[in-house]
Every structure is written in C-alpha cells, then in structure tokens.
Amino acid sequence: MQVNHVSEDDFEVVSPVRKGSNTKKTGTSIDTIHGTEPIYDAAIAAKLEELDGEVVSVQSQITELQKLKDSLLLERSRVYTSYLQTLLANDAGTSRKLGCDYSSTAFAWHDDIRLAAMSIFGIPSFRFCQEAVINAAMDDRNAVVVMPTGGGKSLCYQLPAILSPGVTLVVSPLISLMTDQVLHLQEAGIKSELLCGSTSREDSNAILKHIRHGSDGNDASPSKLKASGFSRSQHQHDGIKLLYVTPERIAKSKTCLSALQSAYEQGRLSRIVIDEAHCCSQMGHDYRPDYAKLSLLRRLFPKAPIMCLTATCGPKVLKEILAIMDLPAITEPNNAAPMRTIYFTAPLFRANLRYQVVQRPMQAQAAAEAIVEYILKHHEGHSGIVYCLSQADTEATATALAEISDGRIATGRYHAGLDDTSKQRIHTDWRTGRIQVVCATIAFGMGIDKPNVRFVIHACISKSLDGYYQETGRAGRDGQNSDCVLFYRPQDAIRMSSLVASEVTGQEKLSAMLDYAQSAQCRRHLFAEYFSDMFEKGDAQRRQDCGICDNCAEKRSTLLIDVRKEMYQLLAVLAEMCRQGGRITLASLSDVARGLGGGKFNLDPNLAGSSKGKGKSNGSNTAKAGVVDVQAVAGGKITLHRDIVDRLIVHGIQSQLIEQNYQATAYTVNVYLETGAKASRFLRHPLSILSSPAQLDKLSPTQILPPSAAASVKAAVKRTSPSVATGAGEAGPRQKKNVLNLKMTSVNCPVCSFSYAITNITNHIRKAHAGVHVTQDAAAASGLVACSCGQPNAT
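Each residue of the sequence shown is one higher than the last, beginning at 1 in full-length UniProt numbering.
What follows is the structure, given as structure tokens:
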C-alpha cells in the first residue's frame, strides 16, 4: 500500500497559497483555471488552516514526548544504579572472604597503635572505622576515607605517621586547622612542620633542607613516648614525621616538589594524605582548582600510598577523586582485594544531631524574629552558628538578632568581606565565649573545631546537600545533643537557582537540597540516599528511622492530603500561560492558579504578538498582559494557601513537571517557568478522574477528624498562613506563633500509576485543639493515609 507523506518543504510551498498569495505560473494564473472561480475557496482554506494547526500541534507533541522519553531514560538509569548499590550493600556481608579484613585485631602492630593512641593522644578506644583505616595505612594501602565531621579523621593518618619511618605529606586547605594540629603534635613531642604562604623564607628553606636530607642526628626522642614505655626503632626518630602543606604550595613550588622527590628516592616519603579530598572534584561543594593539580603527586611518587579523606563524598565525587588521583577501583575494607583502593565509610548520620526544617516567614523582620525566638527558647546562652546566603544577609541578620533580643544574644559576623584581623578576632571571641552566635557565610567553614556548638541554623537553604551536611556537622562534636535547623521558603529555590545557573553541576546539587527541604522522609535516610551510604543501606538495623528528626517526631500528628487535583490545575494554568507567551515566575503562577488578579500575568515582550504569544500588542517592547480563565482552563482556582501552592510548584520542578528557563540580564539571572518533560504525561488524564473523594474540602469533618479539631484544621489548610496563626501563650521575647509545617513526598497514583505529590501538613496548634489525627478506620473510608498507631486525638 502506498502512503503519501507531506514533507515540511511541501508545507512551506502551500502556506503562501493558503494565505492568498498571488504567485503566478507562466501563462496561467493559479487562481483561475477553467473559469474565474478560485480553487482555494473559503472552505478549503479553512480546512488547510485546520490541518496546518494539527501538524504544528503534532510536531509540538513529538517534541514534548521526546523530552519525556529522555527524562524517563535518565530516571530509569538512576533507579537501576540505586538498585545495584543496594544489592552490593546487602551482599557485602555474605560474599566469600578472599581479601584482607582490616577490621581485624590480628595485625602485628595492633598493640603499638593502641599504646600510642593512649600515650600520645589520651584516646583509650577507637571510633567508627578508625582502627581499620590505621591498619590499612600501616599496610601501605591506598584508601578513601569518608567520615562525618568531628569523627576523628586526623587520627587515621597521624598514628601511622608516628609509627612509620619517614615523613607523611599532608595536603589541606585549612591553614588554621593545620596550625593547631602542628602545635598539638609538637607539644606531644612529635616533630611536625607547616609550609604555607605565611611561612618565612628562612623557615621554609630549613624545613625543605630537612625533608631533602633527612635527620641531622640532633632530634630528641619524644619524651612522652619514653615516659610511657613506648619504644620505636631508631629509624623512626629520623626527623619530621608530618609535613603539612597547602595545595597551592604543591601546585606552584618546584622547590618543595624537589625536596619531596629527594625524600621519595631515598625511601623516606611514607605516604601522601589528601584532606578535604572533595575539593578536587567539580562535583564537590567546595571545588578548588589547585586541588585538581594534585594528580601531579601520583605521577611524581607512583609508589607512595595515598589516603584521601572527606566528610562528604557522593558516588560522582568519589569517581572523580579516583580519576584525578589515578587510584584503582575501590574494594571493601572487610574483604579487601589486593591492588585496589580501600573505601572506608562511617555512618554519616550522627545520633546526637536533631535535624529540623522550619517554615520561614515571608518578611525579613519576621524571619529574624523567628530565629531569635528559637534561640532564646531552646539555646539561650549556648554557642551556635547562623549561616546566611550573602554578606549583606549576614550583616542584616547579625544586627537584627542583637536588636530583637535586646542584647540577650551576643552576636558577631563573619564573611569574606572582612579583613583577616577582624576574622581572627571574631573567631577568637566565639571560641572563648565572649560571643554566643556567629552569623556567617560559608567563609566560616572547614576547620572549625569548637566542640560545644549546640546549634547550627541556616537562614536559607545551602547550594548543595554536601555543603549543608558539612556545615551542620560543626554542631555537637562533643557528643552532646545539638540542633540543626533550616529556615526554608519555596522562594529560596528560585533565588538559589539563579545563583547556581552558571555552575556545571549547580542545578543537580541544588535539586538534592530542595528534596531534603521538602521531603517528609526521615532525615537519616535522605542523607544515606544522597551519599549512597553503604553502611546505612546494608545494615538492617540502621535502615530504621532515626526517631529524632522532625519528620520522625511529627509522624503521629501528620495529615496527608491528596493534591493531584491541585497539581493538575497548576500545570493546566502554566500550559495556558506558556501558550500565550507568558513571562512566568513562581509568584505569578501561584497567584494566577489561586485566582488572584483576575488571571492577568505579564507576557514576554519578545513573544507577545508573535505566533506563540496571544496577548494584546501595542507594538512597543514593554510588558504586556495575558489573561487566563482559570475556570475554563483548570476547572476552577486552587483554594489552598499560597505557601502550600508554592511548595507544590517546587515539587513540580523537582518532578520535571515544571522546567526553569534562565534569562541573563546585565545584573542577574532571572528564572522563569514553563511546562516540563513530564507535564504532558500528567495532563493526559482528565480533571474528573483526578478529582478524588479524598479531597479534604469534600469530606464531612466527622469522617476523618475529631469534631473539635475538624473545623479549625479545614480552615487552616485553606486560609491560614503556615508561618503565622493565632497566638497561644508567651514564648521568649514575643508572642508565640503557631505554625503548620509543610513537606512534600511522592506516592504512586492508583489511577495513572504516576508519581504525584502529597502535602504533609503537620499541626503544631496544640492549645487550639488536642491534635490532628486520622484513625485507621476513618482513613479506610475516606482514602486518606492514617497514622500507624490508630489512636484518635494523638498529640
């Protein structure tokens, strides 16, 4: 059977004819053949118009389906990779033992490392995987060590350095931390030196001469070791045991490399340690170009074992670290294959840290008041850090905290705009207790080693979950309970997205941070999934909920509401705004979908009046108005509160239902919204199917809630701001405000098998009524998700 196709070229040929072109062929008019009647009368022209429109529509659908296909293939790859990682974790304990078990105590040096740990550092026992890492280092193995901040990473290389002949090279970006470590080691009788930009030329020459030629025979034996009865062979007293350097020194100092080359050729370069190894990866949250140049060490000293240490290392960062340092594939420490890099990881979630996400008020003053209230209520007089997004935010927040608290919170500020003297003064005042809280940017970063930090507050989300984990890890290093609180609004997603638009992996890392901020899942599992923490995934006991984070604590007072209908309405409105050529922000989409402003929105002046933009055009390059009939397009306006709708929009971005479009100006990068790859898949289902009986506004209050609570909850969900409600007693310096804490999760839709959004509304209005609870029986009748205990009026 022959099939006739109309090509795009054919379409271009007939277009001018349809439009009434007077194009003529030689000798004959195409408008008049066999008389004066035109071939293309009104009916034919209308049909052509219809077919042309359908062709354009089909082409648009093909483009959208291709985007959907690419998105689904990427999602499938991620799911399959996660599945393989879980299999590896589950099989780790049952695989046949063919390699070396570095967690064993059967090594010849076992007694020596125990005695040295106690006599030099006063450490009676090891934590996490410290002893296994030390065993591997003593066995001259390459290793990557991922251990939480404050987990004792430095001991993993300091003890082997003391017990081994020669010098251990330690590369770190943290000059203050290296200075402290060198001082403590020297006080313990261990010869250690630091080479950095502030080291004088005379001292540098003396240190490098010592590295090049070894001991001059005048080094005293460490008195602490002798006093404790600890003995080492004479060649272990041959001078400098640990040489600390910055990555810049390695990248730019040929004299330093020459001295290390001499030590290596004489067999005195014991090992190379790369601290904060994530800095060498562009996927890491603190990429530093000089770290990427450390691959030179591997080429110059190929036989020297390398130890890379970090607190944050997802799969992609790990892969890049291995590639840059030219390390072989990883192997597990309990069954380590020869000629492989041993991958050590300790449980990343620290049980003494309570993670919490709080809805931040919209206004800056109210947000500062909320932070002050939290500190005075939970941590008055305690030491803490408040991280801010910018230098301006840092200055404003520090001033506001001091003023709002009437001086009860002694506050300092720390950011890159301060001179070194001011930074050192603030750091010293904070460490000694003269300042209680430091408001800071991430410039107040790695190397902070104050043990009694009781809280870390983020006034805005971080650019990545790597950075957030690193920053919160500065709390509770003494093992005492501490709080990590994130004050979040959905608008943070757009603001941060514009800031990371130019970064290679910025959006990918920000997406993980937003998943954390909006998720209803246990925080422990969120960290484990992001970092692919095999320790967490492979241990059945550790796969349980942490029981201390906000999501775990609030499960018994959480009401799940089906918002498929609202997501459908959002996407339908967004699609219409895009069709008209809208310049769509998160705020404008939220307002139009909620029926505000008569459905009006701004059009892109570059599109308005074109084939895409259908708004009114006056010929000028100014903002034009489009209009959406929300009733006709989406079956009515969304009645949920703005903050819930804003979170739903961010969830749509995370789920690829909504995409972000970036437009650069002379001063910033603006972010606009459009329908995403998966939007057509969701909009395929009519609104009548998605309108479920489980909608809260269609249920009788007695069906799902205690009568005393039903009316107030229904009103709160629809109208009350999640950040401000009626007062319920004094708390600190001002009237307490009740909040509804909102989170997002995903559930498979029973209608279309598509992952749709669920809003978790955690009720904190304890004094207004005796809690919100859905019983199992009521849930079964209504379709809502119930709490597992099944008891009504739970608080």
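Note that beta-carbon positions come from the ideal geometry of N, C-alpha and C, so glycine has one too.
Residues sharing a beta bridge with residue i, DSSP
i, result
"Glu674", "Glu659"
"Arg354", "Asp483"
"Met307", "Ala143, Val273"
"Ala440", "Tyr387, Tyr414"
"Cys100", "Ala336"
"His458", "Tyr387, Leu486"
"Ala664", "Val669"
"Lys624", "Leu603"
"Glu187", "Glu187 is not bridged to any residue."
"Gln359", "Tyr488"
Own chain, CB closer than 6 angstroms to residue i, minus 5 neighbours either side, in chain order
i, result
"Cys100", "Ala336"
"Gln234", "Note that Gln234 has pLDDT 37, beneath the 50 cutoff, so the model's placement of it is unreliable and the number below is only indicative. Same-chain partners within the cutoff: there are none."
"Trp109", "Met138"
"Leu74", "none"
"Arg298", "Met325, Asp326"
"Ala553", "none"
"Ile658", "Gly652, Leu673, Gly676"
"Leu570", "Ala593"
"Ala512", "Leu465, Tyr530"
"Phe126", "none"
Cβ-Cβ distance between residue i and residue j below 8 angstroms
i, j, result
"Ile442", "Glu395", "no"
"Ser270", "Val438", "no"
"Ser680", "Leu68", "yes"
"Ile274", "Met325", "yes"
"Arg288", "Pro173", "yes"
"Arg474", "Ile385", "yes"
"Arg594", "Lys637", "yes"
"Arg354", "Cys484", "yes"
"Ser498", "Asn352", "no"
"Asp429", "Asn452", "no"
"Leu327", "Ile306", "yes"
"Gly581", "Asp550", "no"
"Lys678", "Ser71", "yes"
"Arg408", "Ala398", "no"
"Leu673", "Ile548", "no"
"Val633", "Val573", "yes"
"Ser590", "Asp646", "yes"
"Leu243", "Leu296", "no"
"Tyr662", "Ala501", "yes"
"Gln261", "Leu294", "no"
"Asp449", "Leu177", "yes"
"Tyr568", "Leu648", "no"
"Glu248", "Asp180", "no"
Which listed residue (the options) has its alpha carbon closest to that of residue i
i, options, result
"Ile371", "Val630, Thr411, Met577, Leu72", "Thr411"
"residue 796", "Phe121, Gly122, Asn135, Phe128", "In the structure as shown, the chain starts at 1 and stops at 795, and residue 796 therefore has no counterpart that could be examined."
"Gln359", "Leu418, Asp478, Tyr488, Phe455", "Tyr488"
"Ile272", "Asp449, Met138, Asn602, Ala528", "Met138"
"Val628", "Glu576, Thr397, Arg647", "Glu576"
"Ala292", "Val171, Thr179, His525, Ser104", "Val171"
"Leu640", "Lys565, Cys280, Ala132, Lys463", "Lys565"
"Asp466", "Pro160, Gln261, Cys279", "Cys279"
"Tyr530", "Ile162, His382, Val317", "Val317"
"Gly417", "Arg431, Asp393, Ile435, Thr432", "Asp393"
"Pro165", "Gln266, Thr246, Gln66", "Gln266"
"Thr105", "Ala132, Arg431, Ser82", "Ala132"
"Lys319", "Asn334, Pro302, Asp290, Ala277", "Ala277"
"Tyr468", "Gly433, Phe349, Ala400", "Phe349"
"Ile644", "Gln391, Val563, Tyr568", "Val563"
"Thr199", "Ala161, Pro160, Leu163, Thr246", "Thr246"
7 angstroms CB neighbourhood of residue i in its chain, flanking five on each side removed
i, result
"Leu389", "Cys460"
"Val650", "Pro490, Ala493, Leu514, Gln518"
"Val357", "Leu486, Tyr488, Ala517, Asp550"
"Gln186", "Ser192"
"Gln130", "Gly152, Leu155, Cys156"
Residues of its chain near residue i, where Cβ-Cβ distance is below 8 angstroms and the 5 sequence neighbours each way are ignored
i, result
"Ile240", "Val167, Lys191, Ser192, Glu193, Ile207, His210, Ile211"
"Cys578", "Ile584, Glu674, Thr675"
Residue i: CB within 7 angstroms of a non-hydrogen atom of the ligand SAM
i, result
"Ala336", "The ligand SAM is absent from the structure shown, which contains no ligand whatsoever."
Counting pairs of beta carbons, one from the stretch 199-206 and one from the stretch 147-157, are three or more of them closer than 8 angstroms? With the cut-off at 8 angstroms, the stretch 199-206 and the stretch 147-157 do not touch.
Any contact of the stretch 342-360 with the stretch 139-154, i.e. 3+ C-beta pairs under 8 angstroms? yes
For the stretch 113-123 and the stretch 300-318, state whether three or more C-beta atom pairs, one from each stretch, are separated by less than 8 angstroms. no
Would you be able to state if there are at least three C-beta pairs under 8 angstroms between the stretch 391-410 and the stretch 360-369? yes
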